[in-house]
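A.B. asks: Sequential numbering from 1 applies to the sequence shown in the UniProt record's numbering.
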Amino acid sequence: MRYPQIAAAPVNNGLVMKIEPLSAVPSLTSPAAGAAPSERDARRIWADQALRILERDARRSADTHLLPFEAHRLGGIDIYLKDESSHPTGSLKHRLARSLFLFGVCNGQIREGITLVEASSGSTAVSEAYFARLLGLPFYAVMTRTTSPEKIADIEREGGRCHFVDDSSAVYAEAAALAERLGGLYVDQFTNAERVTDWRGNNNIAESIFQQMQGEPRSVPTWIVMGAGTGGTSATIGRYLRYRHHATRLCVADPEGSVFYDAFRTGDRSLTSCPGSRIEGIGRPRVEPSFIPEVIDHMIRVPDAASIAAMRVLARRLGRKVGPSTGTAFHALCMLAAEMMGRGETGSLVTLICDRGERYLRSYYDDAWVAAQGFELGSHEARMETFLDQGGPF
Numbered sequence: 001m002r003y004p005q006i007a008a009a010p011v012n013n014g015l016v017m018k019i020e021p022l023s024a025v026p027s028l029t030s031p032a033a034g035a036a037p038s039e040r041d042a043r044r045i046w047a048d049q050a051l052r053i054l055e056r057d058a059r060r061s062a063d064t065h066l067l068p069f070e071a072h073r074l075g076g077i078d079i080y081l082k083d084e085s086s087h088p089t090g091s092l093k094h095r096l097a098r099s100l101f102l103f104g105v106c107n108g109q110i111r112e113g114i115t116l117v118e119a120s121s122g123s124t125a126v127s128e129a130y131f132a133r134l135l136g137l138p139f140y141a142v143m144t145r146t147t148s149p150e151k152i153a154d155i156e157r158e159g160g161r162c163h164f165v166d167d168s169s170a171v172y173a174e175a176a177a178l179a180e181r182l183g184g185l186y187v188d189q190f191t192n193a194e195r196v197t198d199w200r201g202n203n204n205i206a207e208s209i210f211q212q213m214q215g216e217p218r219s220v221p222t223w224i225v226m227g228a229g230t231g232g233t234s235a236t237i238g239r240y241l242r243y244r245h246h247a248t249r250l251c252v253a254d255p256e257g258s259v260f261y262d263a264f265r266t267g268d269r270s271l272t273s274c275p276g277s278r279i280e281g282i283g284r285p286r287v288e289p290s291f292i293p294e295v296i297d298h299m300i301r302v303p304d305a306a307s308i309a310a311m312r313v314l315a316r317r318l319g320r321k322v323g324p325s326t327g328t329a330f331h332a333l334c335m336l337a338a339e340m341m342g343r344g345e346t347g348s349l350v351t352l353i354c355d356r357g358e359r360y361l362r363s364y365y366d367d368a369w370v371a372a373q374g375f376e377l378g379s380h381e382a383r384m385e386t387f388l389d390q391g392g393p394f
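#1: Excluding the five sequence neighbours on either side, which residues of its own chain have a C-beta within less than 6 Å of the C-beta of R200, listed in chain order?
#2: If you draw a straight line from the C-alpha of F387 to the C-alpha of A179, how long is it?
#3: Taking C-beta to C-beta, are S258 and G238 nearer than 8 Å?
#4: Which of the three DSSP states, helix, strand or coil, is assigned to E158?
#5: Using a 10 Å radius around the Cβ and a threshold of 16 neighbouring Cβ atoms, would you call H72 buried or exposed?
#6: Assuming V171 is part of the beta strand (DSSP E), what are its boundary residues?
#7: For G227 versus T328, is the C-beta distance shorter than 8 Å?
#8: Of the choices F69, P324, G76 and Y140, whose alpha-carbon is the least far from that of G392?
#9: Contact defined as beta carbons within less than 8 Å: I believe T144 pairs with S121. What is the distance between those atoms, to the nearest angstrom?
#10: For the beta strand (DSSP E) that F139 lies in, which residues bound it at each end?
#11: Where does Y365 fall in DSSP's three states?
#12: Are the segment 338-353 and the segment 293-313 in contact at 8 Å, needing three or more beta carbon pairs?
#13: Would you say the segment 112-119 touches the segment 86-93, given that touching needs at least three Cβ pairs under 8 Å?
#14: Going by alpha carbons, who is nearest to E118 out of L137, G136, A141 and Q109?
#15: Of the residues R343, V295, D355 and G342, which one's Cα is nearest the Cα of I282?
#16: If you draw a straight line from the alpha carbon of A247 to that of V295, how long is it in whole angstroms?
#17: Near E381, what residues of its chain come up, given a Cβ to Cβ distance below 7 Å and the 5 sequence neighbours on each side ignored?
#18: Note down, in chain order, each residue of its chain lying with its Cβ closer than 7 Å to the Cβ of H65, except the 5 sequence neighbours on either side.
#19: Measuring straight from C-alpha to C-alpha, what distance separates I79 and V225?
#20: Is the segment 319-326 close to the segment 53-67, with three or more CB pairs under 8 Å?
#21: Going by the beta-carbon positions, is the gap between F190 and T230 smaller than 8 Å?
#22: Between F139 and L241, what straight-line distance do the alpha-carbon atoms span, to the nearest angstrom?
#23: Near E20, what residues of its chain come up, given a Cβ to Cβ distance below 6 Å and the 5 sequence neighbours on each side ignored?
#24: Who does A253 pair with in a DSSP beta bridge?
#25: My output table needs one value for A119: the three-state DSSP class, helix, strand or coil.
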């Protein structure tokens with residue numbers, strides 16, 4: 001079976017990746033010479049070749065670093081940052097996108113020539129565009145017209161196309177409708193995120209954290225802290241903690257305008273909000289199917305200004321930019337650390353660097369943009385700096 005050569009394109013780090021035609025990849029045994037493969041055989045052969053390409057990407061990517069965060073005044077409290085920004089597409093969503101593609105190929109839904117559609121204006125769309133390009137498949141990301149030029153450029157750089165709507169609440173329906181019009185597949189991260197990852201192990205993010213923590217002074221984290229976008233990663237971590245009998249607790253930090261916190265508190269999955277979260281990457285205006293509150297131990301609602309302030313403080317201390325969702329989780333982590341110190345407890349806390357901060361230079365790192373949104377960051381930044389330098393209440 002022949003497959004067209006895919007033009008090479010630069011990935012986010014500026015390197016040029018060589019994309020092989022699928023016909024050049026060793027595959028399942030083809031039909032006997034001269035015999036035309038049946039449609040079912042051809043699909044199985046293509047799926048085998050596609051899986052080999054996805055597996056090679058996973059081996060090349062290896063694992064992401066677990067970085068110790070220096071906070072000497074927080075005696076007895078160790079902080080670690082799992083750096084998901086080092087993935088080839090620059091964010092935690094690289095894991096999700098690979099899992100979605102593996103799931104789709106193995107289910108027979110992602111097949112040769114099919115057009116893929118996703119409802120996303122951010123990191124998931126960037127990562128899905130990357131994997132679609134590896135397999136030579138067309139990819140469309142459905143998003144609002146207000147999406148930042150940086151995000152649009154990232155998606156298009158990976159070979160994806162952007163399809164715009166005026167109302168953010170319409171992206172789900174339009175993504176499904178566009179896939180139907182094109183005879184394609186709506187990947188639907190918000191439904192499938194919690195089911196496509198093997199939460200029992202197989203190098204998921206939870207297993208990776210515990211492997212990397214081995215040998216650390218407090219090797220079993222007291223808390224793992226993260227934000228939720230689809231809810232898929234929190235579901236994976238929460239399930240893994242229970243499956244492996246870990247005492248570690250899971251805290252999900254939720255921004256203003258998101259319904260996850262209220263759904264966790266009330267148990268009402270019908271909640272909606274408008275216009276939704278202002279912290280890109282996390283928080284949703286509806287309770288997504290992949291959000292599983294039953295595996296979450298605690299949630300903290302973080303003010304948007306506090307999320308942006310924490311992002312900036314952390315960026316200064318690390319010497320590199322991080323995204324706003326990382327700030328949300330780091331603010332919640334500091335709250336938990338202060339509570340532990342107040343009770344005289346020791347332990348370790350782990351959170352994620354979710355994506356690269358360079359995507360937000362014209363927004364969350366731009367003082368004029370921040371002021372125009374009505375955010376006042378000074379008091380939040382001062383509070384966090386004092387806590388990290390001196391300890392005590394937060």
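Virtual Cβ for every residue (Gly too), placed ideally from N, Cα, C.
C.D. replies: Let me spell this out:
#1: Here residue 200 is taken as the residue at index 200 of the sequence shown, counted from 1. Here the set comprises Y243.
#2: The count along the sequence shown starts at 1 and reaches residue 387 at position 387. The count along the sequence shown starts at 1 and reaches residue 179 at position 179. Cα-Cα distance, rounded: 49 Å.
#3: Mapped onto the sequence shown, residue 258 falls at position 258. Mapped onto the sequence shown, residue 238 falls at position 238. No. Outside cutoff.
#4: Numbered from its first residue, the sequence shown carries residue 158 at position 158. In the structure shown, E158 sits in coil (DSSP, three-state: anything other than H, G, I, E or B).
#5: Start at 1 with the first residue of the sequence shown, and residue 72 comes out as number 72. By the 10 Å Cβ count, H72 comes out exposed.
#6: As a working note, residue 171 is residue 171 in the sequence shown. Element bounds for V171: not the beta strand (DSSP E) but the alpha helix (DSSP H), V171 to R181.
#7: Within the sequence shown, the letter at position 227 stands for residue 227. Within the sequence shown, the letter at position 328 stands for residue 328. Their beta carbons are under 8 Å apart, which means G227 touches T328 by this criterion.
#8: Position 392 of the sequence shown, counting from 1, holds the residue named residue 392. Of F69, P324, G76 and Y140, the residue nearest in Cα terms is G76.
#9: Working through the sequence shown from its first residue, we reach residue 144 at position 144. Working through the sequence shown from its first residue, we reach residue 121 at position 121. At roughly 6 Å, the Cβ-Cβ gap stays under 8 Å, so T144 and S121 are in contact.
#10: Within the sequence shown, numbered from 1, the residue matching residue 139 stands at position 139. Note, F139: beta strand (DSSP E), F139 to T144.
#11: Residue mapping note: residue 365 aligns to position 365 of the sequence shown, counting from 1. If DSSP states are grouped into helix, strand and coil, Y365 belongs with coil.
#12: no
#13: no
#14: Position 118 of the sequence shown holds residue 118. The shortest Cα separation from E118 among L137, G136, A141 and Q109 belongs to A141.
#15: Here residue 282 is taken as the residue at index 282 of the sequence shown, counted from 1. If we check each option's Cα against that of I282, D355 comes out closest.
#16: Within the sequence shown, the letter at position 247 stands for residue 247. Within the sequence shown, the letter at position 295 stands for residue 295. Approximately 13 Å between the Cα atoms of the pair.
#17: Residue mapping note: residue 381 aligns to position 381 of the sequence shown, counting from 1. Cβ within range, chain order: A309, R312 and V313.
#18: Here the question's residue 65 lines up with position 65 in the sequence shown. Around H65: D83 and S86.
#19: In the sequence shown, counting from the first residue as 1, residue 79 sits at position 79. In the sequence shown, counting from the first residue as 1, residue 225 sits at position 225. Whole-angstrom Cα-Cα distance: 11 Å.
#20: no
#21: On the sequence shown, position 190 is the one that residue 190 refers to. On the sequence shown, position 230 is the one that residue 230 refers to. Against a cut-off of 8 Å, the Cβ pair of T230 and F190 comes out as a contact.
#22: By 1-based counting over the sequence shown, the position of residue 139 is 139. By 1-based counting over the sequence shown, the position of residue 241 is 241. For F139 and L241, the distance between alpha carbons rounds to 35 Å.
#23: Along the sequence shown, one-based indexing puts residue 20 at 20. Residue placement at E20 is flagged as unreliable, the pLDDT there being 48, under the threshold of 50; a coordinate-derived value is accordingly withheld.
#24: Locating residue 253 in the sequence shown gives position 253, counting from the first residue. Partner(s): G227 and I300.
#25: To locate residue 119, count along the sequence shown from 1; it is residue 119. Three-state DSSP puts A119 in a strand.
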